[in-house]
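Have a look at the structure below before the remarks.
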Amino acid sequence: MTDTRTPRGPEEASGPVTGPGATTEPGAVEGPGAVERPGSAVTGAGAVEGPGAVTVPETLVGAGQVAGGAGGAVVRGRVLRLLRGVAYAALPAELVLLVCLLGGVRMPGGVPLVGEGLVLGLLAAEGVVWVRLRRRGLSRRAVVAKLVPEPVLRLVGHELRLMASLGRWVARRPHGVAGADGVFPHARDQAALMYGFAFVCLVETVGMSYLLAEWPFVHAVVLVLDVYTVLFVLGLHAASATRPHTLAGNVLRLRQAAHVDVAVPLDRIAAVRRELCFSHEKAEGELNLAVGSQTSVTIELTGPVDAPRLLGAPRPVRLVRLHADDPGALYDALTRARTGPSPSPGPLPTA
840 MTDTRTPRGP EEASGPVTGP GATTEPGAVE GPGAVERPGS AVTGAGAVEG PGAVTVPETL
900 VGAGQVAGGA GGAVVRGRVL RLLRGVAYAA LPAELVLLVC LLGGVRMPGG VPLVGEGLVL
960 GLLAAEGVVW VRLRRRGLSR RAVVAKLVPE PVLRLVGHEL RLMASLGRWV ARRPHGVAGA
1020 DGVFPHARDQ AALMYGFAFV CLVETVGMSY LLAEWPFVHA VVLVLDVYTV LFVLGLHAAS
1080 ATRPHTLAGN VLRLRQAAHV DVAVPLDRIA AVRRELCFSH EKAEGELNLA VGSQTSVTIE
1140 LTGPVDAPRL LGAPRPVRLV RLHADDPGAL YDALTRARTG PSPSPGPLPT A
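Just so you know, we're using this note's numbering here: the sequence shown kicks off at 840 and counts up by one.
Here is the structure:
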């Protein structure tokens, strides 16, 4: 018998087919014994709906994005390291070139041009990186921290703090004492020694200036170095005089000159005692803030507190020896702050 039914079009073919052993497609109505083909639609990130659609899992998409971001970070890190390496080579070379030119040393005309071109190229590259990092939302301080190595930043910051301390010393404006519950100066016992050093440096400046008068260039270089040495010595004492130890709230802030600034929470203090010491051997986990080769207060800690070194290296300490002009006042203040006032017993209960 001939089948006279009209063949179904594509639209009808996708309709439901029922019956035993029927195979279901996306959108089909399941029946007894229906088997789902393994090419059915799968949803996910970037899924394309439809029969047999294959999609990329979300984990793969996220991994691709992370890989791309990591690759960009690696490239930026390499660029920054390259700029730092060029700066380490170019800046000392430029300084040597400047000294030679001022000293009258003759050199081929191309050498200064190459040196100046290298420095200008370095500055231009640094400027481009600065603009790009600022567009990414980084602050000026964060951009400087990325472009300049931390040891260089800390050295420059130390010198600037010394010079600023001279101005504070003259104006009698101590640093970091606003809102403090207790202020404990510690520079009195080193004043005579520092003034003696400054006087010796001043005498040397005058003597070298007289001896080198016949060599103007050498005389100028040595004069600048000697004057800066005098300012440096006075700045060390000024920094100690304008940066006393302070007690504010639950934090004891210990400082020495412009290179030590340690915050010690009171709950980390295990014991405080008055102890006069004149010899201090270096030991792991100990910080000695001697003034005039002496310390008068010793603080033991329950846990380590970080006291970074001059160039930024971490230094965990568990024992601190320090000095104060009035060690008794510091000891009493710490004792009161650690114990606190006795709580009020309140009203007596009524019968």
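Heads up, the beta-carbon is just placed ideally off N, CA and C, and yes, glycines get one too.
If you're wondering where the values come from, they're calculated on a predicted model, not measured in any experiment.
- Beta-bridge partners assigned by DSSP to Thr1137: Arg1112, Arg1160.
- Along the length of the segment 969 to 1015, whole alpha helix (DSSP H) runs at least 4 residues long occupy 979 to 986, 989 to 1010, reported in chain order.
- Closest in C-alpha terms to Ala1176, from the list Leu1115, Leu1140, Ala1087, comes Ala1087.
- Here Gly1124 is exposed: its Cβ has fewer than 16 other Cβ atoms, across all protein chains shown, within 10 Å.
- Residue pairing of Arg1094 in beta bridges, as defined by DSSP: Asp1100.
- By the criterion of at least three beta-carbon pairs nearer than 8 Å, the segment 1092 to 1101 is in contact with the segment 1135 to 1152.
- When C-alpha distances from Val1063 are compared across Gly996, Arg1012, His1076, Val1045, the shortest belongs to Val1045.
- Ranking Gly954, Pro951, Leu986 by CA distance to the CA of Leu921 puts Leu986 first.
- Residues of the same chain with a CB within less than 8 Å of the CB of Val1016, apart from the 5 flanking positions on each side, are Val1022, Pro1083, Thr1085 in chain order.
- Nearest C-alpha to Gly1167 among Arg980, Arg971, Thr1134: Thr1134.
- Judged by their CB atoms, Ala1096 and Ala1078 are nearer to each other than the 7 Å cut-off.
- Leu992 is the residue among Thr1081, Ala932, Arg923, Leu992 whose C-alpha sits nearest the C-alpha of Leu1149.
- DSSP places Glu1053 outside both helix and strand once states are collapsed to three, so it counts as coil.
- Its chain contains Asp1065, Thr1068, Val1069, Val1072 as the residues whose beta carbon lies nearer than 8 Å to that of Cys1040, once the 5 sequence neighbours on both sides are disregarded; these appear in chain order.
- When only Cα atoms are considered, Leu957 and Gly1151 end up about 30 Å apart.
- Ranked by Cα distance from Ala1031, the options Leu1173, Asp1171, Val1156, Gly1131 are led by Gly1131.
- The beta carbon of Met1047 sits closer than 7 Å to those of Val1061, Asp1065, all from its chain and outside the five residues before and after it, given in chain order.
- Note on geometry: alpha-carbon atoms of Glu955 and Leu1005 lie some 35 Å from one another.
- In this structure, the alpha-carbon of Leu999 lies about 32 Å from that of Leu1173.
- Cβ contact annotation for Leu972 (same chain, cutoff 6 Å, sequence separation greater than five): Val982, in chain order.
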